[in-house]
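Scroll down for the structure; my scribbles are underneath it.
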Amino acid sequence: MHSFGYRANALFTFSVTALAFICAIASLSDNFSDQNPSAEIQILNINRFKKQSYENDEVSLTLDITADLQSLFTWNTKQVFAFVAAEYETPKNSLNQVSLWDAIIPDKEHAKFRIQTSNKYRFIDQGHNLRGKEFNLTLHWHVMPKTGKMFADKIVMPGYSLPDAYK
Amino acid sequence: MSWIGETVDSIKSIKIRQLLTQAVTLGMIVTSALIIWKAMMCVTGTESPVVVVLSGSMEPGFQRGDILLLRMTKDPIRTGEIVVFKIDGRDIPIVHRVIEVHERKTTGKVDVLTKGDNNDVDDIDLYADGQMWLHRHHIMGRAVGFLPYVGWVTIIMTEKPIIKYLLIGAMGLLVITSKD
Numbered sequence: 001m002h003s004f005g006y007r008a009n010a011l012f013t014f015s016v017t018a019l020a021f022i023c024a025i026a027s028l029s030d031n032f033s034d035q036n037p038s039a040e041i042q043i044l045n046i047n048r049f050k051k052q053s054y055e056n057d058e059v060s061l062t063l064d065i066t067a068d069l070q071s072l073f074t075w076n077t078k079q080v081f082a083f084v085a086a087e088y089e090t091p092k093n094s095l096n097q098v099s100l101w102d103a104i105i106p107d108k109e110h111a112k113f114r115i116q117t118s119n120k121y122r123f124i125d126q127g128h129n130l131r132g133k134e135f136n137l138t139l140h141w142h143v144m145p146k147t148g149k150m151f152a153d154k155i156v157m158p159g160y161s162l163p164d165a166y167k
Numbered sequence: 001m002s003w004i005g006e007t008v009d010s011i012k013s014i015k016i017r018q019l020l021t022q023a024v025t026l027g028m029i030v031t032s033a034l035i036i037w038k039a040m041m042c043v044t045g046t047e048s049p050v051v052v053v054l055s056g057s058m059e060p061g062f063q064r065g066d067i068l069l070l071r072m073t074k075d076p077i078r079t080g081e082i083v084v085f086k087i088d089g090r091d092i093p094i095v096h097r098v099i100e101v102h103e104r105k106t107t108g109k110v111d112v113l114t115k116g117d118n119n120d121v122d123d124i125d126l127y128a129d130g131q132m133w134l135h136r137h138h139i140m141g142r143a144v145g146f147l148p149y150v151g152w153v154t155i156i157m158t159e160k161p162i163i164k165y166l167l168i169g170a171m172g173l174l175v176i177t178s179k180d
């Protein structure tokens, strides 16, 4: 009962249990933080709007994104993944969500930002439904913790629309 | 001739009951581990409630050797979710983020496109030949929780199987030689 093996086993079991407990508590503490992120997106320009050779519409646009995500950071936060998606409906699809831009925010200092960028990922429809289309732009964020539960949320900004004709 | 008698005596002196008890205890440990695993599968709704991150495609958020806790619900798949999926014909589950969703009005089926946070391009090249989208049946679960570094044990045991055998051998030895 006092051999090295038994002692090592007891120590190992205890430390694993203690670590698991600490991770759980760290994750629980995230529920108590008060969060009020804010964001605003403007479309500066529609650069290109055309039909691809195999009949799908494609849009390229320049966005001006302002956001303050500082309140999402707690001591248990490793990074926040933020992305902007366009959401719209078409006759065939009840929901289309296309991610236009994303960024990894590593710490609180970088969480308040304003950038102007063209869309990082191609905005291609399944079909040619985009002329005059109204769509929402949503800013999503995904909080990735140092340990424990991840959580995500979004701000929906409705009321954007695409031109009626190709250019 | 007397040494035969001595050998037979020593074999008889191995307490059969003690050996059987130890075997049953070992069996109980193994089956209760199995029960816990299956129960987790039921609770989380997915075949593999826990996966180990194998590649660096989701850095810096998920590093190789981290463990992801998964859950699968009937909720529709939406952009931003980190999903674990398997390509037809390949065994290795991939953990990436959904960047595009197209949901059919009539059938409710979805076309899904994924991309690793650390990759420059989306996963089209990873899908099977000619496949442009993932569908719900490819997706095994969504990542809801995360534990750092714990998965290294699994990675080491998979990549250097000798360590696995050493570990199992050592545990077996411990069980057999323990006096209670």
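Chains A and B, in that order, give the protein sequences.
Its first residue numbered 1, the first sequence is counted upward by one per residue in the UniProt record's numbering.
Its first residue numbered 1, the second sequence is counted upward by one per residue in the UniProt record's numbering.
All C-beta atoms in this analysis are idealised placements derived from N, C-alpha and C, irrespective of residue type, glycine included.
- Legend: CB atoms of the stretch 118 to 131 of chain A lying less than 8 Å from CB atoms of chain B belong to residues Tyr121, Gln126.
- With 16 or more other CB atoms across the displayed protein chains lying within 10 angstroms of its CB, Leu162 of chain A is buried.
- Along the stretch 144 to 159 of chain A, the positions whose C-beta sits under 8 Å from a C-beta of chain B are Met144, Pro145, Lys146, Thr147, Gly148, Lys149, Met150, Ala152, Lys154, read in chain order.
- Cβ-Cβ separation between Gln70 of chain A and Ala20 of chain A: approximately 30 Å, too far for a contact (criterion under 8 Å).
- With a cutoff of 8 Å on beta-carbon distance, Gly27 of chain B and Val84 of chain B are scored as not near each other.
- Less than 8 Å separates the beta-carbon of Phe146 of chain B from that of Thr147 of chain A.
- For the stretch 93 to 111 of chain A, the set of residues with a beta-carbon nearer than 9 Å to any beta-carbon of chain B comprises Asn93, Ser94, Leu95, Asn96, Gln97, Val98, Ser99, Asp102, Ile104, Pro106, in chain order.
- Taking a cut-off of 8 Å for Cβ pairs, the stretch 58 to 65 of chain A and the stretch 107 to 127 of chain A touch, as three or more such pairs fall below it.
- In this structure the stretch 44 to 55 of chain B touches the stretch 147 to 160 of chain B; the number of beta carbon pairs closer than 8 Å is three or more.
- Straight across, the Cα-Cα distance linking Ser99 of chain A with Met58 of chain B is about 17 Å.
- The C-alpha of Asp68 of chain A lies about 17 Å from the C-alpha of Ala85 of chain A.
- A distance below 6 Å between beta-carbons, with the five flanking residues on each side excluded, links Lys154 of chain A to the following residues of its chain, in chain order: Thr138, His140.
- Not a single CB atom of chain A sits nearer than 8 Å to the CB of His96 of chain B.
- As for any beta strand (DSSP E) of minimum length 3 sitting wholly inside the UniProt domain "Peptidase S24/S26A/S26B/S26C" (36 to 144) of chain B, the runs are 50 to 52, 67 to 71, 82 to 85, 94 to 104, 110 to 115, ordered along the chain.
- In the displayed model, Trp101 of chain A falls within a strand according to three-state DSSP.
- CA-to-CA, the gap between Leu34 of chain B and His138 of chain B works out to about 25 Å.
- For the pair Arg136 of chain B and Leu95 of chain A, the Cα-to-Cα distance works out to about 15 Å.
- In chain order, Phe81, Ile104 make up the part of chain A whose C-beta sits under 7 Å from the C-beta of Asp117 of chain B.
- Using a Cβ-Cβ cut-off of 9 Å, Leu147 of chain B is close to Ala20, Cys23, Thr147, Gly148 of chain A, given in chain order.
- Membership of Glu159 of chain B in the alpha helix (DSSP H) is indicated by the continuous run 152 to 159.
- Straight-line spacing of the CA atoms in Thr158 of chain B and Arg97 of chain B works out to 25 Å.
- Phe83 of chain A sits close to Trp101 of chain A, with the two beta carbons spaced by under 8 Å.
- The C-beta of Ala67 of chain A comes no closer than 8 Å to any C-beta of chain B.
- Counting every other CB atom within 10 Å of its CB across the protein chains shown gives Ser27 of chain A a total of 16 or more, marking it as buried.
- Assignment of Met171 of chain B by DSSP, reduced to helix, strand and coil, places it in the helix class.
- When 8 Å is used as the limit between beta carbons, Val144 of chain B is near these residues of chain A: Lys149, Met150, in chain order.
- DSSP lists A:Ala82, A:Asp153 as the bridge partner or partners of Trp141 of chain A.
- Contact holds between the stretch 76 to 90 of chain B and the stretch 99 to 110 of chain B, because three or more Cβ pairs, one in each stretch, are under 8 Å apart.
- In this structure, the straight-line span from the alpha carbon of Asn9 of chain A to that of Ser15 of chain A is close to 10 Å.
- The continuous alpha helix (DSSP H) containing Ser15 of chain A extends over residues 4 to 29.
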